[in-house]
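Here the structure comes first, spelled out in structure tokens, and everything after it is commentary.
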Amino acid sequence: MDRLELQHLIWLELCGGRHNLAPIDQINVTHVLDVGCGTGNWTIDFANLHPEIQVVGTDLSPIQPEYVPVNCTFYIDDATHEWSFHQRFDYIHVRALTMGIADWDRLIDQAYNFLQPGGFLELQEFHIPIESPDGSIRQGSALWRWGQAIQRVCARLGIDSMGALKHPERLRRRGFAAVEELHLRAPLGPWAKGQRQKRLGWMGRKDLYEGIDGISKKLFVMMGEGTEDEVDKFLEECKSELMDSSVNLNFPLHLSRDLGRKFRIHPCMPLDVTWGQRPFES
1299 MDRLELQHLI WLELCGGRHN LAPIDQINVT HVLDVGCGTG NWTIDFANLH
1349 PEIQVVGTDL SPIQPEYVPV NCTFYIDDAT HEWSFHQRFD YIHVRALTMG
1399 IADWDRLIDQ AYNFLQPGGF LELQEFHIPI ESPDGSIRQG SALWRWGQAI
1449 QRVCARLGID SMGALKHPER LRRRGFAAVE ELHLRAPLGP WAKGQRQKRL
1499 GWMGRKDLYE GIDGISKKLF VMMGEGTEDE VDKFLEECKS ELMDSSVNLN
1549 FPLHLSRDLG RKFRIHPCMP LDVTWGQRPF ES
């Protein structure tokens, strides 16, 4: 199973098996767009579930499978450039583009323009730094430092790693109605209680463990966060922390009694789902 498929399963699990949270059953849906579709897991799933709907997926890379449902089409396209579709859509789905979009206002504006009146836009995103429900991700831990480094390098590239938290405001400002938001946490490790949460934790930890080098190594070296050897060593520390879920803090903290103390951490990837409806025109 590749990482994009694993991420798709994590999103589905968190959303209760639903491919969309926007209430698209309220309208007549005939055309759907999936922006930044990757290998097309969501696109193909949605097309199979709704054979009466024409589903289009776009991505920068031609990594989609050759054999797809007859109502599913893929195009190579850059979501940050001018959109040039020949029709409007009833539902536009965007997922996990946080690290690739600098100008969210422009993307949301283009989505609005390519929605039918009454159509829905849904943004399923994550934000960094990593969080913990009990505050156990503390200053000095490797995962805390990784999150801070991601924030720094993204800021230098004009990307807001916490931009998903501003999506509700962006949608309202553009003119979307019935804007709703939902904030979720995907556990990174089987520390969470309950079979479902533990399953999510195993999947989430595997996803970040296998992807942290690809997400950050080249970026950190390029943006001066360290030499290649230093970054390699740091990312290995992050992965060890993910697998061990305990930290031995040898860093100066506000409370001196924490120095050298080993404690369990409960990391989560924060996920943010926002949707809104283009108003019906009179």
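Residue numbers (the working numbering): 1299 to 1580.
The beta carbon of each residue, even a glycine, is placed where N, CA and C say it ideally should be.
In this text the structure is predicted, and so the values were computed from the model without any measurement.
Distance check for Gly-1492 and Glu-1539, CA to CA, integer angstroms please. Their Cα atoms are separated by approximately 22 Å.
Paired residues, beta bridge with Val-1333 - DSSP: Thr-1356 and Val-1392
By alpha-carbon positions, which one of Asp-1300, Asp-1403 and Thr-1525 ends up nearest to Glu-1467? Glu-1467 has its Cα closest to that of Asp-1403, out of Asp-1300, Asp-1403 and Thr-1525.
Note down the Cα distance separating Phe-1549 from Asn-1318, rounded to an integer number of angstroms. Low confidence applies here, because Phe-1549 scores a pLDDT of 36, under 50, leaving its location unreliable; read the following figure in that light. Distance between the alpha carbons of Phe-1549 and Asn-1318 is about 43 Å.
Drop a sphere of 10 angstroms on the beta-carbon of Ile-1374, count the other beta-carbons inside from all chains shown, and report buried for 16 or more, exposed for fewer. Exposed: under 16 other Cβ atoms inside 10 Å.
Between the CA atoms of Asp-1458 and Gln-1449 - distance to the nearest angstrom: 7 Å
How big is the Cα-Cα spacing for Asp-1527 and Ala-1447? 16 Å
Report yes or no: do the region 1358 to 1368 and the region 1303 to 1310 share at least 3 C-beta pairs separated by less than 8 Å? no
Taking the alpha-carbon positions, what's the Arg-1576 to Arg-1386 distance? 12 Å
In three-state DSSP terms, what is Ile-1457? Under the three-state reduction of DSSP, Ile-1457 is assigned to coil, being neither helix nor strand.
The alpha helix (DSSP H) with Pro-1466 in it runs from where to where? Boundaries of the alpha helix (DSSP H) harbouring Pro-1466: 1465 to 1472, taken from the DSSP string.
Contact set for Gly-1315: own chain, Cβ-Cβ below 7 Å, skip 5 residues either direction: none
Relative to the C-alpha of Trp-1444, which residue among Asn-1346, Cys-1536 and Met-1567 is closest? Cys-1536
So which of Asn-1346, Met-1567, Ile-1322 and Gly-1574 has the shortest CA-CA distance to Arg-1581? Lying outside 1299 to 1580, the shown extent of the chain, residue 1581 is not represented and no answer is given.
Identity of the residues DSSP links to Gly-1574 by a beta bridge: Leu-1419
Beta strand (DSSP E) containing Ile-1374: first to last residue? 1370 to 1374
Taking all protein chains shown into account, decide if Glu-1350 is buried (16 or more other Cβ within 10 angstroms of its Cβ) or exposed. exposed
Evaluate His-1552 with the Cβ neighbour count: other Cβ atoms within 10 Å of its Cβ, from every protein chain shown; 16 or more gives buried, anything less gives exposed. Legend: pLDDT at His-1552 = 32, less than 50; position of this residue unreliable, value from coordinates given subsequently. It counts as exposed.
One question on the structure: do Val-1571 and Leu-1486 come within less than 7 Å of each other, judged by their Cβ atoms? No, the Cβ-Cβ distance between Val-1571 and Leu-1486 is not below 7 Å.
Taking the straight line between their C-alpha atoms, what separation do you get for Asp-1432 and His-1564? 7 Å
I think Arg-1483 touches Glu-1429, with their Cβ atoms under 8 Å apart; what is that distance to the nearest whole Å? 7 Å between Cβ atoms; contact.
Please identify the residue among Asp-1511, Gly-1416 and Leu-1310 whose C-alpha is closest to the C-alpha of Gln-1324. Gly-1416
Three-state secondary structure assigned by DSSP to Met-1567: strand
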